[in-house]
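S.K.: In the numbering used here, the protein residues as written are 1017 to 1307.
Don't be surprised by glycine CBs; every beta carbon is placed ideally from N, CA and C.
Bear in mind that the values here come from a model prediction, so they are computed numbers and not experimental data.
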Amino acid sequence: MITIAGSASSKLAERVAKQLKCPLLNPEIKRFPDGELYVRLDNKLEEEHVVIVQSTHHPQNDNLIELFLLLDAAKDLGARRVTATVPYLTYARQDKQFKPGEATSTHTICKLIEHAGADDFLTVDMHNNGVIQNFSIPTFNLTAMPLLGQYLAKLKLQDPVILGIDQESLERVRRVAIELKADYDYLGKPKVALKKITIQPKHLEVAKRDVILVDDIISTGGTIIEATRILRSQRARKIYAACTHPAVTEDTLQKILKAGVQAVIATDTIEHRTSVVSVAPIIAGTIQQGF
Ligand code: R5P
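#1: Can you have a look at K1207 and say buried or exposed, based on whether 16 or more other CB atoms are within 10 angstroms of its CB?
#2: For the alpha helix (DSSP H) containing Y1167, list its first residue and its last residue.
#3: Per DSSP, what kind of secondary structure is K1096 in: helix, strand or coil?
#4: When the Cα atoms are used, what is the spatial distance from F1307 to K1224?
#5: Which residue from T1260, H1288 and A1275 puts its Cα closest to that of G1180?
#6: Would you say the segment 1024 to 1038 touches the segment 1046 to 1059, given that touching needs at least three Cβ pairs under 8 Å?
#7: Any chance the CB of T1236 is under 6 Å from a heavy atom of ligand 1?
#8: State the Cα-Cα distance for the pair A1193 and P1176, rounded to the nearest angstrom.
#9: In terms of residue numbering, what span does the beta strand (DSSP E) encompassing D1232 cover?
#10: Going by beta carbon distance, what residues of the same chain come within less than 7 Å of I1153, once the five residues before and after it are set aside?
#11: Decide if D1226 is buried, meaning its Cβ has at least 16 other Cβ atoms within 10 Å, or exposed.
#12: Check for me: the beta strand (DSSP E) holding L1179 runs from which residue to which?
#13: Rounded to a whole number of angstroms, what is the C-alpha to C-alpha distance between T1072 and G1117?
#14: Apart from the five residues just before and just after C1126, which ones in its own chain have a Cβ nearer than 6 Å to its Cβ?
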């Protein structure tokens, strides 16, 4: 087995290779003067099981093209099996047509990954688990929620309550809460309210309690900032935000902290300074079990 580090996931790939106790290959990746990418795998891969680790956050399109080129090059070199490990799958939120005529981007991206040479596909906390139906190869959607819960359990939290953003997030939140033996609930985020997000807690009191907001992804930070505003008005004690995918700029992170969030706790599906939890153990563990 050989792990290949895509440039978007070099640290995570190293951690995965370490857990798998297999060699790590850093491909040659450069850019032509006109902006096109060049990828070269300078290794013998014949009959190998190759694990390519490449996330597809910003710059999404460049990272995707690099992934396609790596998959194709590994196949070309005679790899027996190529596992596309894409910890964060971009375009996963456009998983259906919201208006007639829209491209269902998720469907297109899944087709391209498969056609580029993936024999199987592994990802983490994909926005909608139904997305895996776009693939005809074996696909695994792992969850980082227990790992996040284990990290949070080490913080000295006061009577914590774990809150998801909407009803759909309840299963994720439950997986975090189990690790802390804490209460959990969700906030209401009407799907129609794209411009003005209105959020209300459903069942639990948050006054004088530490609150952990859990989401799959933080992007513009709008959801977390609005949730924090409401929770503060309800006299929550300390508020933390935990997510799998920290798709945040530094500017966004500062806005979230300024809104009253103590810390953002995230994983390395996107390598960022908030990535304090590694998903390497669940990726390597799944590969070792042979899916
Ligand atoms: C939406 O359904 C997702 O689970 C997240 O709540 C959302 O994508 C977060 O985005 P933002 O940080 O831009 O509010």
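M.R.: Per the coordinate set shown:
#1: Because K1207 carries a pLDDT of 45, less than 50, the predicted location of this residue cannot be relied on, and the following value inherits that uncertainty. The residue is exposed, with fewer than 16 neighbouring Cβ atoms inside 10 Å.
#2: M1161 to A1169
#3: As written in the sequence, residue 1096 is Arg, which differs from the Lys given in the question. Reduced to three states, the DSSP call for R1096 is coil.
#4: 44 Å
#5: T1260
#6: no
#7: yes
#8: 9 Å
#9: V1227 to I1234
#10: E1130, A1134, D1135, D1136 and F1137
#11: buried
#12: V1177 to G1180
#13: 25 Å
#14: N1150 and F1151
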